[in-house]
Amino acid sequence: MIEATERILNPPPLYELVVVDQTDSARAHAERLAAQGADEGTLVWAKSQTEGLGRNKRFWMSGYQNLHLGLVLKPEQTFDIACQVSLVATICTAMAIAEQAEPMAELRYRWPNDVLLNRGKVAGITLSGSLGSGNMPEWMVLGVNVNVFDHPNSLGFDSASMRGEGFESYDRVPLAETFCRQFLSWLNRWADDGFAPIRRAWLMRAQGDPLLQTIKLQDTEITGTFDDMDEHGTLTLQTDEHLKRSIALAAFFQPDFVSAR
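Right under this line is the structure:
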């Protein structure tokens with residue numbers, strides 16, 4: 529049950545807010561609006577999700593009073609470059625969480641779409657959309673899911689929530705508002721200065737421990753430890769003593785895009 533006293537989200541004017549009390553997922557709701565011609569900046573806030581979506585249409589455990597956003601974008605870049613927006617959004621999500629964070633909270637990034645809080649996954653970013661000719665996105669939906677109030681504990685990986693990590697403040701509305709402000713600011717920075725400042729900011733919070741991670745692509749899985757992220761956002765994994773594997777952002781997000789041709 530949603531708190532009756534919860535105030536409405538108030539994003540900057542460049543966003544067109546769509547509030548739904550309950551829907552299958554904020555991402556799917558935004559995808560339907562985008563396919564019908566919704567303007568860039570259309571922001572779906574789903575107060576409750578019944579079928580939350582993660583990457584590659586995997587189920588996202590939505591929980592109670594967590595944050596679920598779907599934002600319609602109309603990139604002017606090719607698909608491989610437009611996918612860099614996932615890293616922009618990851619930075620902005622962490623900055624929004626940090627505004628309510630406890631002094632000892634540790635925030636890290638796991639390539640290319642996870643925010644880790646004290647080693648548990650607290651947020652995930654998705655990209656989905658429609659690709660036209662020339663590998664140009666006709667539209668894209670940026671999905672943002674943050675475990676604010678609670679988090680799952682039975683999905684095969686460590687997860688976390690802001691409340692669960694002892695935050696005194698864990699309010700999804702100011703969290704969303706901070707994300708929206710930061711996202712506009714960092715989008716402008718990306719447009720003006722390119723990917724270099726995004727890369728620098730991301731690497732400052734890159735998952736530092738040499739823990740194995742498995743990247744699941746459309747037809748294969750690659751397991752290794754983080755080595756680097758290059759000037760295009762491509763990940764390099766150290767898979768053994770002698771072998772490194774590179775994974776492009778476009779390969780990671782491709783399964784959630786459909787061809788309009």
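Following this note's numbering from start to finish, the sequence shown increments by one per residue and tops out at 789. Just so it is clear, CB atoms sit at the ideal spot from N, CA and C, and this is done for glycine as well. Nothing here was measured: the structure is a model prediction, and the numbers come from that model.
For MET690, same chain residues with a beta-carbon under 6 Å away, outside a window of 5 residues either side, are VAL676, TYR698 in chain order. Between ASP720 and SER661, the alpha-carbon positions lie close to 26 Å from each other. Of the candidates VAL786, PHE785, PHE781, LEU740, PHE781 places its Cα closest to the Cα of GLY652. For ASN716, the enclosing alpha helix (DSSP H) begins and ends at 700–721. In summary, ALA724 is exposed, with fewer than 16 beta-carbon neighbours lying within 10 Å of its beta-carbon over all protein chains present. Note that the C-beta distance between VAL643 and LEU635 is below 8 Å.
By the criterion of at least three beta-carbon pairs nearer than 8 Å, the stretch 615–622 is not in contact with the stretch 550–562. For ASP608, the enclosing alpha helix (DSSP H) stretches over residues 607–610. Relative to ARG638, the option among ASP784, HIS770, THR762 whose CA is nearest is THR762. Judged by DSSP in its simplified three-state form, TRP730 adopts helix. Per DSSP, MET668 is one residue of the beta strand (DSSP E) stretching across 665–674. Ranked by Cα distance from PRO603, the options GLN593, TYR592, ALA562, LEU537 are led by ALA562. Around the beta-carbon of GLU579, fewer than 16 other beta-carbon atoms lie within 10 Å, marking it exposed.
Between LEU595 and ARG700, the C-beta gap is smaller than 8 Å, which places the two residues in contact. The Cβ-Cβ distance between PRO540 and ARG709 falls below 8 Å.
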